[in-house]
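Below: one structure, written as structure tokens.
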Amino acid sequence: MKRTITVLLENRFGAFNRVATLFSGKGFNLNSISIGETEDPSISRMTLVTSGEDKVFDQIIKQLNRLIDTIKVVDLSTEPSVIRELALITVHYKKANRAEIYNLCAIFEGKVVDITNKSLTLEITGPPDKIDAAINTLGSYGIIEMARTGTVALKRGQQERIYKTTQLPNHS
Numbered sequence: 001m002k003r004t005i006t007v008l009l010e011n012r013f014g015a016f017n018r019v020a021t022l023f024s025g026k027g028f029n030l031n032s033i034s035i036g037e038t039e040d041p042s043i044s045r046m047t048l049v050t051s052g053e054d055k056v057f058d059q060i061i062k063q064l065n066r067l068i069d070t071i072k073v074v075d076l077s078t079e080p081s082v083i084r085e086l087a088l089i090t091v092h093y094k095k096a097n098r099a100e101i102y103n104l105c106a107i108f109e110g111k112v113v114d115i116t117n118k119s120l121t122l123e124i125t126g127p128p129d130k131i132d133a134a135i136n137t138l139g140s141y142g143i144i145e146m147a148r149t150g151t152v153a154l155k156r157g158q159q160e161r162i163y164k165t166t167q168l169p170n171h172s
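If you use our numbering, the sequence shown corresponds to residues 1 to 172, in order.
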């Protein structure tokens with residue numbers, strides 16, 4: 001079973017490497033990893049997609065919480081959340097099927113971002129299953145090249161503000 005985890009980390013040198021080392025050292029599988037700054041430039045949000053049995057997953061959560069740079073770990077697999085990916089897909093086309101590919105792009109709410117006399121590059125964003133469906137559908141036209149981002153995810157609804165211990169608000 002695939003699980004999605006977000007990890008808030010101190011945005012400093014070596015934090016990403018410690019997470020990657022944890023996964024490789026423990027033999028945990030990573031299906032996807034994405035990291036970037038949050039609204040606070042001193043904090044990074046890492047989104048991990050992993051798979052395995054519940055026992056292994058529980059161990060992953062515990063190990064992530066023990067890392068020195070970890071601020072918070074959230075299992076989004078059990079929470080209502082918004083999950084998205086981006087794919088750039090270059091496909092062959094002929095004059096006879098170009099309109100067909102444009103229509104498919106529209107169905108997947110994508111955009112044509114590049115065109116040559118033999119290929120179209122499409123940009124498609126959405127949940128991972130939508131990206132999978134687009135790839136499967138476009139495969140019959142001949143995918144030349146593809147790049148797919150890692151998953152990014154946020155819990156639905158209002159979030160609590162994350163404060164580092166050095167930034168706690170004064171409630172006096």
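Beta carbons are placed, not taken as given, at the ideal position from N, Cα and C, and that holds for glycine. Computed from a prediction, not measured in an experiment: that's the story for all the values here.
Task: In DSSP terms, what L67 is bridged to - done: Along the sequence shown, read from residue 1 onward, the residue named residue 67 stands at position 67. For L67, which the question treats as bridged, DSSP gives no partner whatsoever.
Task: Straight-line Cα distance separating G126 from R12 - done: Working through the sequence shown from its first residue, we reach residue 12 at position 12. Working through the sequence shown from its first residue, we reach residue 126 at position 126. The alpha-carbon atoms of R12 and G126 are separated by roughly 30 Å.
Task: Cα-Cα separation, K94 to P128 - done: Within the sequence shown, numbered from 1, the residue matching residue 94 stands at position 94. Within the sequence shown, numbered from 1, the residue matching residue 128 stands at position 128. The straight-line gap from Cα to Cα measures roughly 28 Å.
Task: Cβ pair L76, L22 closer than 8 Å - done: Residue 76 sits at position 76 when you count from the first residue of the sequence shown. Residue 22 sits at position 22 when you count from the first residue of the sequence shown. No, these two residues do not count as a Cβ contact at 8 Å.
- [ ] Mind checking who V56 pairs with in its DSSP beta bridge?
- [x] Taking the first residue of the sequence shown as 1, we reach residue 56 at position 56. DSSP, once it has assigned bridges, lists no residue as partnering V56.
Task: Through-space distance from I71 to D58, alpha-carbon basis - done: Within the sequence shown, numbered from 1, the residue matching residue 58 stands at position 58. Within the sequence shown, numbered from 1, the residue matching residue 71 stands at position 71. When rounded, the distance between both Cα atoms is 18 Å.
Task: First through last residue of the alpha helix (DSSP H) which encompasses E100 - done: Within the sequence shown, the letter at position 100 stands for residue 100. Start and end: 98-107.
- [ ] Use the C-beta contact count for R156: other C-beta atoms within 10 angstroms, 16 or more gives buried, fewer gives exposed.
- [x] As a first step, residue 156 is located in the sequence shown; it is residue number 156 there, counting from the start. Exposed, by the Cβ-count rule.
Open item on the list: Rounded to the nearest angstrom, what separates R148 and T38 at their Cα positions?
Closed with: Position 148 of the sequence shown holds residue 148. Position 38 of the sequence shown holds residue 38. Computed Cα separation, rounded: 21 Å.
Open item on the list: Could you check whether the segment 42-62 touches the segment 1-16, counting it as contact only if at least three pairs of C-beta atoms, one from each stretch, sit closer than 8 Å?
Closed with: Short answer: they touch.
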